[in-house]
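Heads up: the sequence lines are chains A and B, in that order.
If you're matching positions, the first sequence starts at 47 in our numbering and goes up one per residue.
If you're matching positions, the second sequence starts at 6 in our numbering and goes up one per residue.
Built from N, CA and C at the ideal position, the CB exists for glycine as well.
Here the structure is a predicted model, which means the values were calculated and not measured.
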Amino acid sequence: MADRAVAALEAVEVDYPGRGRALGPFDFRLGAGEIVALVGPSGCGKSTALRLLAGLEPPTRGRAVRAAGRGETAVVFQSPTLAPWLSAAANVALPLELAGAPRASARARAIEALARVGLAGAQAARPAQLSGGMAMRAALARALVTAPKVLLLDEPFAALDEITRRQLADDVLALWAVQRPAIVFVTHNVEEAVYMAGRVVVMTPGPGRVAGALAVEGPAPRPPGFRTSAAFRTAAERLSQMLHAAMDGVR
Amino acid sequence: MRRSAAILAPSLFIGVLLAIWEGACRGLAVPAYFLPAPSAIALALARNWPLLFVSAGRTLVTALTAFAVVNVLANASALAAASNRIVEASFRPLAVALQVTPVVALAPLFQVWAGIDHPERAVVALASVVAFFPVYSGALAGLGSADPELERLFDLYGANAWQRLTRLRIPSAVPHALEGQKVALGLSLVGAVIAELVAGAGGEQGLAWRITEASHRLEMAKSLAALVALILMGSVLHLAFEALERWALARWRGR
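Structure below.
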């Protein structure tokens, strides 16, 4: 499963001044091309773990190992985080331009990336003119435009309505099937975790530790009607129990 | 309906105030050298219009020159301060000192420094002192107002300091900077008038000069006419900048 790890956290602990321990000790291995969901209650340090994997902050103790080089890790946050003064295409082209790509080729690749997420023709639109779902697609296009080896998603659909988030979940899986980046997906939604991931890691309430892991059987991308299949229902039920157990274990 | 009310209500209010003023001046026979009636002021405005227009133009040039000078100096200082905490800390007491010092107290010094032959330089410098702080603090606040998650993305993509400044900090600063400039534009006009009053701008006869001159001669209607011209000019300037700001923000936001 994780023979070629693209990122790993080894006994990491994160302390924040004034807030105390936020995470850990926590161990995590991300294999090339696998999709892992991190599930846990609010404040368990899911997002902190994601920032460690992104290299945006160092652990207080332990080791964060990142095989992916600069520009090979992409992050999508809970809000689309687009620059309001830039068009959709310019927003998506930004990572390429920051890495020194010429403007014209960056723009061409950005427009391609927008088309892949279903935003063909929206390249000139400003973020304020996009709906919530479209803005999130643009953020996804920006994350994928560099063809990253590791894609980190921090509750990316939390602010969207149910229909849009289901569509986006399918879209992410379809895009994954093309580029095969390793994906870490933070969520507190049990069904979303089971639908998206091949492996779900359950975390305890903060400071988060590993409470357990669950492998989800089934093809990826998910076939139509997967949500009603027995495999899905069983996995979701099992995950709910693990989550409850993890929360009760602390009390 | 609402729009017409928004114009009608204040017009009516001002009309009533003017009518009371007019009535009181006539009914109580207030001498014109003490307080002229609005009709007399209107007459003085009409008679002296060409002269007032030229004087208003001079004051406007002073204010806009100061505004331009401030935009260069204050934005450059804000950029330097935003790029380095030590620079910002070093600037802070000076910026505060500039803000709290009454311009009137600086006038005599500036007159000496500018030299007897160039009183207009002293006036521009004094107006600049008045308008400096809002532009500086607006730009500085704006440069620090970038979305923290966008900052994180810039970290992730390995942006260098220059890219971060030109592609994130400066564009993010636009709304705050415009707000500071709006305040500063009004202040540069106020500063220009105060500076003219205290520095007595020699050959440069702006509106403040008209006001003092007419008051000294007890031509109160003319003095008030100059004041009206000043208010009109300030209001037009404010409205024009607000329109510019709305347009610029709409472009910035994309709607």
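- With fewer than 16 other beta carbons inside 10 angstroms of its own, B:Leu114 counts as exposed.
- Ranked by how close their Cα comes to the Cα of A:Gln124, the residues A:Asp216, A:Gly271 and A:Phe203 have A:Phe203 in first place.
- Rounded to the nearest angstrom, the Cβ distance from A:Val58 to A:Leu69 is 7 Å, consistent with a contact under 8 Å.
- Taking the CA atoms as reference points, A:Val196 sits about 53 Å from B:Ser133.
- Under the DSSP assignment, B:Phe137 falls in the alpha helix (DSSP H) whose first and last residues are Pro124 to Leu148.
- Across the structure, B:Pro176 and A:Glu158 are spaced so that their CA atoms are roughly 26 Å apart.
- At a cut-off of 9 Å between beta-carbon atoms, A:Ser125 makes contact with chain B.
- The residue among B:Val77, B:Leu212, B:Leu155 and B:Val179 with its C-alpha nearest the C-alpha of B:Arg169 is B:Leu155.
- Remark: C-beta atoms of B:Ala234 and B:Ala112 do not approach each other more closely than 9 Å.
- Any Cβ of chain B closer than 9 Å to the Cβ of A:Gln175 would place that residue at the interface, and such an atom is present.
- Going by DSSP, B:Gly32 is part of the alpha helix (DSSP H) stretching over Arg7 to Gly32.
- Asp152, Glu154, Leu155, Arg157, Leu158, Phe159, Asp160, Leu161, Tyr162, Gly163 and Ala164: these are the residues of the region 134-164 of chain B whose beta carbon lies less than 8 Å from some beta carbon of chain A, given in chain order.
- Restricting attention to A:Pro227, A:Ala215, A:Ala161 and A:Ala185, the CA atom closest to the CA of A:Arg273 is found in A:Ala215.
- Using a Cβ distance threshold of 9 Å, A:Ala187 and A:Pro130 do not count as a contacting pair.
- Within 7 Å of the CB of B:Gln168, the CB atoms of chain A belong to Leu144, in sequence order along the chain.
- When Cβ-Cβ separations below 9 Å define contact, A:Val138 makes no contact with chain B.
- If you check the CB distance, A:Pro104 and A:Leu98 come in under 9 Å.
- Nearest to B:Met225 by C-alpha distance, out of B:Leu50, B:Thr171 and B:Gly239, is B:Leu50.
- One alpha carbon belongs to B:Arg97, the other to B:Gln104, and they sit about 11 Å apart.
- Under the three-state reduction of DSSP, A:Tyr62 is assigned to strand.
- Any Cβ of chain A closer than 9 Å to the Cβ of B:Gly196 would place that residue at the interface, and such an atom is absent.
- Counting only residues of its own chain and dropping the five nearest sequence neighbours on each side, A:Arg67 has a CB closer than 7 Å to the CB of Glu59, Asp61 and Pro253.
- A residue is called buried when at least 16 other Cβ atoms come within 10 angstroms of its Cβ; A:Pro194 meets this threshold and is buried.
- For B:Arg52, the uninterrupted alpha helix (DSSP H) run begins and ends at Pro43 to Arg52, by DSSP.
- Using a Cβ-Cβ distance cut-off of 8 Å, the region 181-188 of chain B and the region 31-38 of chain B are not in contact, since fewer than three pairs of beta carbons, one from each stretch, lie closer than that value.
- Excluding its 5 nearest sequence neighbours in each direction, B:Pro139 has C-beta neighbours in its own chain below 7 Å: Gly185, Val188, Ala189 and Leu192, listed in chain order.
- Interface with chain A (9 Å Cβ-Cβ cutoff): B:Gly28 is excluded.
- As a beta-bridge residue in DSSP terms, A:Met249 pairs with A:Val256.
- Taking one beta carbon from each stretch, the region 169-184 of chain A and the region 208-222 of chain A have 3 or more pairs nearer than 8 Å; the two touch.
- Between A:Leu206 and A:Ile229, the CB-CB gap reaches or exceeds 9 Å.
- Cα atoms of A:Ala282 and A:Ala259: separation of roughly 13 Å, rounded to the nearest angstrom.
- Using a Cβ-Cβ cut-off of 9 Å, B:Arg251 does not count as an interface residue toward chain A, since no Cβ of chain A sits closer than that to its own.
- Listed in chain order, the non-local C-beta contacts of B:Met238 below 7 Å within the same chain comprise Ala61 and Leu65, local neighbours out to five positions each way being set aside.
- A straight-line Cα-Cα distance of about 37 Å links B:Glu218 and B:Gly143.
- The beta carbon of B:Ala119 sits closer than 6 Å to those of Arg126 and Ala127, all from its chain and outside the five residues before and after it, given in chain order.
- In the assembly as shown, B:Leu194 is a buried residue. Its beta-carbon has 16 or more other beta-carbons within 10 Å.
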